[in-house]
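Structure first, commentary second.
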Ligand code: NAI
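In full-length UniProt numbering, the protein residues as written are 19 to 356.
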């Protein structure tokens, strides 16, 4: 393959002035880790997204095949593939949004924190590339442990002098997607009608569903609250165990990642009232990072909403979540500062 391979642009058979101008108006999006379990269905779904005009697929393996395959879809976005570190700069140049699902996933018996040693270094390298090639892009960080990788990214950007907290968003959307599904099952509703805020972080007890704030308004028995809280916090482990060593959530994660990325793009476009949960730099608690509802706009996370009224069960959950979060955040910060 040539140093970077492009597909879906033009055959080159006719001179440029004879061709109708192809390519939809829209945003330039890069996926880093695009050949992985999440990356491939995420690339597929972003190729369908009408807000995307250019889609860059970057990985350290297998991008030629994934790019060739995706590029045959008859949707507007032009697809380009990039393979290996020497092509990272070109993959990132001019991007409006960078989505990062690069890194190893869990196997049964592992916590997300067990991934730290491998994924921390991957996230650092990729964020150094972003600081260099597209410092103004919005970053959607999926690589686990999100509670530590977002602080790592922030430190890398600070070091490079490009840090804007509004543009760095940890993706916790899958927790919301799961919460909506499980709550809808209990209530006997269509999940599309259910909205469950999930705050805190993206790991075990740091995943804090606010069942007292579910829309449409409803109430749960103590037994239902225990069941739902446990299932939402351990939904990822449910998938890891069912996949029995072959990986963690990839399909529901790709769906959640696209739901979140689409919200970011609509915000960038200037749509109003776009609100989603995300793990961001925050003053909602005493911790430097926290997941809560944020309003997405032209400059990223433009407003971070407070948690709202919590019941006693949720206040107790919040204290537990904050304790674990503080350790995970510190671990990420120290990885870069050490
Ligand atoms: P995977 O192993 O199937 O794919 C990861 C991809 O990253 C591979 O194609 C690999 O070649 C690539 N990669 C490795 N090092 C790289 C580098 N330096 N630069 C670019 N690409 C690189 O893993 P999967 O299942 O796609 O998961 C990816 C990550 O997403 C994991 O860390 C996982 O824990 C996390 N995850 C996060 C969730 C969330 O809710 N935020 C949910 C599910 C998974």
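Think of the CB as a built atom: it goes at the ideal place given N, C-alpha and C, for glycine as much as any other residue.
Tell me which residues share the same chain as residue 335 and place their Cβ nearer than 6 Å to its Cβ, disregarding the 5 neighbours each side in the sequence.
Taking the first residue of the chain shown as 1, we reach residue 335 at position 317. Within the same chain, residue 335 has close Cβ partners 226.
heavy atom of the ligand NAI below 7 Å from residue 266 C-beta
Residue mapping note: residue 266 aligns to position 248 of the chain shown, counting from 1. Answer for residue 266: yes, Cβ within range of the ligand NAI.
Could you please give the first and the last residue of the uninterrupted alpha helix (DSSP H) stretch that includes residue 302?
Within the chain shown, numbered from 1, the residue matching residue 302 stands at position 284. Careful: residue 302 lies outside any alpha helix (DSSP H) and carries neither H nor E.
Are the region 216-236 and the region 248-263 touching, with three or more C-beta to C-beta distances below 8 Å?
yes
Strictly by DSSP, which residues pair up with residue 233?
Walking along the chain shown from the start, residue 233 turns up at place 215. For residue 233, which the question treats as bridged, DSSP gives the partners 213.
Looking at the structure shown, is residue 63 part of a helix, part of a strand, or coil, going by DSSP?
By 1-based counting over the chain shown, the position of residue 63 is 45. Helix at residue 63.
Residues sharing a beta bridge with residue 282, DSSP:
Start at 1 with the first residue of the chain shown, and residue 282 comes out as number 264. DSSP, once it has assigned bridges, lists no residue as partnering residue 282.
What I want to know is whether the C-beta of residue 220 ends up closer than 7 Å to one or more non-hydrogen atoms of the ligand NAI.
If you number the chain shown from 1, residue 220 lands on position 202. Result yes, Cβ under 7 Å from the ligand NAI.
Three or more C-beta pairs under 8 Å: does that hold for the region 279-290 against the region 204-218?
no
So, for residue 183: in the same chain, excluding its five sequence neighbours on each side, which residues have a beta-carbon less than 6 Å away from its beta-carbon?
Numbered from its first residue, the chain shown carries residue 183 at position 165. Closer than 6 Å at Cβ, skipping near neighbours: 299.
For residue 353, which residues of its own chain have a beta-carbon under 6 Å away from its beta-carbon, when the five flanking residues on both sides are left out?
Counting from 1 along the chain shown, the entry for residue 353 is found at position 335. Only 138 and 170 meet the Cβ criterion.
Reduced DSSP secondary structure (H/G/I, E/B, other) of residue 20
The count along the chain shown starts at 1 and reaches residue 20 at position 2. At residue 20 the pLDDT is 48, less than 50, meaning the model places this residue with poor confidence; the figure from the coordinates comes in the next sentence. DSSP places residue 20 in coil when its eight states are reduced to three.
Does the pairing of the region 240-252 with the region 267-275 give three or more beta-carbon distances under 8 Å?
no
Checking the sheet assignment: what are the DSSP bridge partners for residue 193?
The residue you call residue 193 lines up with position 175 of the chain shown. Paired residue(s): none; residue 193 is not in a bridge.
Is the closest heavy atom of the ligand NAI to the C-beta of residue 346 under 7 Å?
For this step, residue 346 is matched to residue 328 along the chain shown. No, Cβ of residue 346 sits at least 7 Å from all heavy atoms of the ligand NAI.
Below 7 Å, is the gap between the Cβ of residue 131 and the nearest heavy atom of the ligand NAI?
Residue 131 sits at position 113 when you count from the first residue of the chain shown. No, Cβ of residue 131 sits at least 7 Å from all heavy atoms of the ligand NAI.
Tell me the residue span of the alpha helix (DSSP H) that contains residue 253.
On the chain shown, position 235 is the one that residue 253 refers to. Here the alpha helix (DSSP H) through residue 253 covers 253-261.
Please check the pair residue 148 and residue 116, which I expect to be a contact at CB under 8 Å, by giving their CB distance rounded to whole angstroms.
Indexing the chain shown from 1 puts residue 148 at position 130. Indexing the chain shown from 1 puts residue 116 at position 98. Yes, they are in contact, since the Cβ atoms of residue 148 and residue 116 sit about 6 Å apart, within 8 Å.
What does the alpha-carbon distance come out to for the pair residue 19 and residue 175?
Sequence index remark: in the chain shown, residue 19 carries index 1 (1-based). Sequence index remark: in the chain shown, residue 175 carries index 157 (1-based). Residue confidence for residue 19 is low, a pLDDT of 47 falling below 50, so the modelled location carries little weight; the figure read from the coordinates is stated next. Computed Cα separation, rounded: 32 Å.
Let me check understanding here. Comparing Cα to Cα, which of 190, 331, 70 and 345 lies closest to residue 241?
Your numbering for residue 241 matches position 223 in the chain shown. Looking at the Cα atoms, 331 is the closest of the given residues.
Just checking residue 143 against the ligand NAI - is the residue's beta carbon closer than 7 Å to any of the ligand's heavy atoms?
Here residue 143 corresponds to residue number 125 of the chain shown, with the count starting at 1. True, at least one ligand heavy atom lies under 7 Å from that Cβ.
Is there a Cβ of chain C sitting closer than 8 Å to that of residue 341, yes or no?
The structure shown contains no chain C; it holds only a single protein chain.
Starting from residue 72, trace the alpha helix (DSSP H) in both directions and tell me its first and last residue.
Position 54 of the chain shown, counted from the start, is the residue given in the question as residue 72. First-last for residue 72: 70-77, but that is the beta strand (DSSP E), not the alpha helix (DSSP H).
Which residues bound the alpha helix (DSSP H) around residue 48?
Within the chain shown, the letter at position 30 stands for residue 48. First-last for residue 48: 45-50, but that is the beta strand (DSSP E), not the alpha helix (DSSP H).
Heavy atom of the ligand NAI less than 7 Å from the Cβ of residue 73, yes or no?
Residue numbering aside, residue 73 sits at position 55 when the chain shown is read from its first letter. The answer is no for residue 73.
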